[in-house]
Structures are given as C-alpha cells and as structure tokens.
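Read the structure below first, then the notes.
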Amino acid sequence: MTPSVQKALYTLKKKGEFIVGDIIPVPTPGPGEVLVKVMAAGLNPGDWKVREYGEVFEEFPAVFGFDYAGVIEQLGEGVEGFKVGDRVFTESAMTNGHGGFQQYALAVASTLPKIPDNISFEEASTLGVALTTAYVGLYQSLPDGFGLPEPTPSRIHQERRGPFVVLGGSTSCGQVVMQFAKLSGFDPIIATASLSNTESLKAVGATHVFARNLSAEELLAKISSVTSEPLKYVFDVVSSEQTENIGMSILAEGGHFATLSIHPGVKPQPSKGLIKVKGWLRIDKNIPLLEPFYRNHATEFLGKGLIKSNAIEVLPNGLHGIPDGLKRLQNFEVSKMRLVAHPQDTI
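Residue 67 in the UniProt record's numbering sits at position 67 of the sequence shown, with consecutive numbering throughout.
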C-alpha cells in the first residue's frame, strides 16, 4: 500500500540547506500523470545550481532531483500504454511533486520512456537530462538546435556529415551527444576532455580526444591534423565563458555553435549561428519533438545498445548521501561517471 507521507530531501527556502525528513506528502497523480516509486535518483549539476542560485522553485518545502528511475505505483486519469509495475525513467518537470530526491514522485506519461531489460534502475537514472539536452541540441529546429534529421533505431548513418566537435566529452551529456552524433553520420567526432578518459570516450563514439585545456589556436591545430573539412557543428556542454569563446573561434563560417548558456563575454557573429540549448523536458517548444522520441524510440535505442548509459557510483545512506555528492559535483570532483542515490534505502 502506498504511504501518505514519505522521506525526501528538501529545502525550506531559496538557497536553503538540504534537509532529509518525512514531512513531504506522497503526491497523487493527476490526469496524464503517473506516480513512480523512485528506485534510483541520478545527481545532476543542475541540482546544486538550482539550490545555490535560488532558481526554479517558488513554493516550499521544495524537493529537487532532475533525474530518476523507478516503478509505476499508480496511474492517473487517461494514462494509456502503462501499467502498475512498469519500469520507467524520466527527467523531472521540476515542479513540486515531480523531483527525484524523494521516495515517490510524479511523472508526465506522454514523455515517459520504459526501461529496457538490459538497463538497471541506476543506469537509467543517469539518462533523463542528458538525453533531453542532447536530443534538443541536435534535432530541434533552428535557432533552438542544429535542426538535423532525427535518427530512429531502424534509420541511422543515413549519410556522412563531416566533423563534429564536443567540448566536454566526458560529461554525461557530452557522452550522449557523441552517441547521437555518430548515429547521425558525423565523422570524425572530436571531443575535448582529460586525456585519461580517451578510451572510454572512444567507446561511446569519439574518434579523437584532445586535452581540455588547449587554447583555441592549439585545439584548431590538433583538429586540422585530423580533418581538413570545415567545422560546421560544435556542441559545448561545459558552457563556460572560456569554452564558449573557444567554440566560436574554431567554428567555420556558416557553422552552428550550441551551448547550454550564453555568457555576456560571448559575442554573436553574423556569419556563425549561436544556439542556446534549452534542455527542459516540458517547455512548449520541446514537447512536439520529445513526445514521439520518448514514447516511440528511446527504449529501443537503449535496448539495442545504440545509446549507452554512463558509468555509475552508488552513494551510501540513501537520500542522506546526496548533499555530499552534490558538493563533489560542484567542486568538479566527478568525471566520466554519474553519482546515484537509492531513496528507498533512507533510514
């Protein structure tokens, strides 16, 4: 039987300290929603940023958690194609009731993929934000994405598209971007990262990995030794002012540069497209793109191994382990993997 209250990690005010307690009611799914028993919650850089900068939430207590996976506990009115017990994962809509840092969370059924048998809850809990951001960046129409034709599990590598550069290849989003770039026919796929991550990045699609601390001139020289083709597509998942300026510098005339934020020191150039990727699951512009992807294709991409999840580290002590994990993310102490918590293990 579903409880009426649950253990959750929450804050009581903007920029407030994280608290683990049992005051949060278990939400009831509305029309088009399901209630998910959260088996694994993936930690995301956005989680510490939302608390640190006091963004997103206006009502408190507020439960964070962008990424989670679990089992459907209840179905809301009008939900079709799901049953109680289905294994699912999602990016949170980031409104109260939907955050993953609790034992039971709401999810919107129209953008909710099932987990294939070959993927664990922990692996699936790392995928929501990364999949959404990568998919929007590559396949949303200009000026909000590159506007590339969408691949499907039965239609990949339709044509060779030339080089593709990912700044920040070892991030979870960077790894998914590279995998979709490969499915879309890009070659070579060039990533910047710590060189210690070279082999793991080649396993998910990179053909070449260059050091992340190179200047724009040094990086362009390295890339020029690999390909003489113009760089028409650069995706920056680090999205610092430094990496954005590097990306715009190496981009060819007529090319497109995608980033997750545009810093004041980065100036648009008339001959180069500058794209701010809005990797949010439920914004109006993204829904027509993401609903068919998540309902029709995401599960098959994962089940066939065309898109692979990140390596994981499971944190101890359920929800109690999350604050220290977020500090590690904030201090850039995590690379090539995702931290995951088990809310059901909270004592």
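Cβ coordinates follow ideal geometry from the N, Cα and C atoms, glycine included.
Per-residue burial, residue i [other beta carbons within 10 Å of its own, 16 or more giving buried]
i: N286; result: buried
i: N118; result: exposed
i: N44; result: buried
i: A69; result: buried
i: Y53; result: exposed
i: D236; result: buried
i: F60; result: exposed
i: G318; result: buried
i: D47; result: buried
i: R155; result: exposed
i: L183; result: buried
i: A191; result: buried
i: S141; result: exposed
i: S224; result: exposed
i: K37; result: buried
i: I72; result: buried
i: M1; result: exposed
i: P149; result: exposed
i: V226; result: exposed
i: P113; result: buried
i: H263; result: exposed
i: G305; result: exposed
i: G78; result: exposed
Contacting residues, own chain, Cβ-Cβ under 8 Å from residue i (five flanking each side not counted)
i: R282; result: A93, V108 and T111
i: G255; result: P230, L231, K232, Y233, V234, K272 and G273
i: I115; result: A69, R87, V88, F89, F121, A124, T299 and L302
i: P143; result: G273 and I275
i: S4; result: P25 and V26
i: L219; result: T192, F210, I246 and I250
i: K49; result: E55
i: K83; result: I72 and L75
i: S200; result: S170, A311 and K336
Backbone secondary structure at residue i - three-state DSSP
i: L201; result: helix
i: E159; result: coil
i: K7; result: strand
i: E122; result: helix
i: F60; result: coil
i: M248; result: helix
i: D324; result: helix
i: A298; result: helix
i: R282; result: coil
i: A93; result: coil
i: K304; result: coil
i: F235; result: strand
i: G54; result: coil
i: I19; result: strand
i: V84; result: coil
i: G137; result: helix
i: K13; result: coil
i: F332; result: coil
i: G255; result: coil
i: P143; result: coil
i: I262; result: coil
i: T227; result: coil
i: T132; result: helix
i: T243; result: helix
i: I287; result: helix
6 Å CB neighbourhood of residue i in its chain, flanking five on each side removed
i: I23; result: none
i: residue 352; result: The chain is shown from 1 up to 347; residue 352 falls before or after that span and cannot be answered.
i: S309; result: E123, T126 and L127
i: S239; result: T259, L260 and S261
i: G279; result: T132, T133 and V136
Beta-ladder partner(s) of residue i, from DSSP
i: Q102; result: A8
i: H208; result: I190
i: L75; result: V34
i: L339; result: E313
i: D67; result: G42 and E91
i: A107; result: V34
i: V165; result: I190 and V234
i: Q269; result: K272
i: P25; result: V5
i: K114; result: V88
i: T152; result: R155
Proximity test, Cβ basis, 8 Å: residue i and chain D
i: K114; result: In the structure shown, chain D cannot be found, because there is only a single protein chain.
Own chain, CB closer than 7 Å to residue i, minus 5 neighbours either side, in chain order
i: E91; result: F66, D67, G128, V129, T132 and L281
i: L251; result: L231, V234, F257 and K272
i: G185; result: H157, Q158, E159, R160 and R161
i: S172; result: T126, A130, N310 and R338
i: G30; result: G76
i: V176; result: A130, L131, A134 and I307
i: V204; result: Q175, M178, Q179 and K308
Heavy atom of the ligand FMN within 7 Å of residue i beta-carbon
i: Q102; result: What this structure holds is no ligand at all, so the ligand FMN is not there to describe.
Which parts of the region 171 to 200 are runs of the alpha helix (DSSP H), unbroken and 4 residues or longer, counting only runs that do not cross its ends? Those alpha helix (DSSP H) runs which fall completely within the region 171 to 200 and span 4+ residues are 172 to 183.
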